[in-house]
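Numbering (the numbering used here), first residue to last: 1 to 109. Cβ coordinates follow ideal geometry from the N, Cα and C atoms, glycine included.
Okay, here's the thing in structure tokens:
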């Protein structure tokens with residue numbers, strides 16, 4: 001029997017490993033607090049309920065496509081401390097990076 005090539009082994013491994021992403025998640029209170037200090041509040045949906053509907057739909061679509069989408073709750077003070085430590089402002093880029101860093105730390109722990 002012929003041994004699979006490295007490419008074939010990597011391709012099979014990739015198929016068996018689901019991609020994992022973090023989805024920024026808020027409670028109504030944390031959503032309001034993070035939005036209030038954001039430099040880009042226009043990037044937020046107009047209301048928490050509209051944000052939640054959008055987030056639930058996006059998470060469902062990721063999962064349907066085979067991506068494991070995990071809720072990553074942002075705690076406003078923890079995020080503010082992270083921003084200060086990393087010389088970041090509260091904007092969509094830093095919120096996404098924070099979620100990525102947090103998820104990576106959770107999976108390496």
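- Residue range 68–73 is occupied by the beta strand (DSSP E) that includes residue 68.
- Excluding five sequence positions before and after residue 94, the CB atoms of its chain that fall closer than 7 Å to its own CB belong to 83, 88, given in chain order.
- For residue 23, DSSP records a beta bridge to 71.
- In this structure residue 79 does not touch residue 69 by the C-beta definition: roughly 20 Å separates them, more than the 8 Å allowed.
- Here DSSP, grouped into helix, strand and coil, assigns residue 3 to coil.
- Around the Cβ of residue 20, a 10 Å sphere holds fewer than 16 other Cβ atoms; the residue is exposed.
- Scanning 3, 4, 35 for the CA closest to the CA of residue 74 turns up 35.
- The shortest C-alpha to C-alpha distance from residue 32 to any of 40, 47, 23 is the one to 47.
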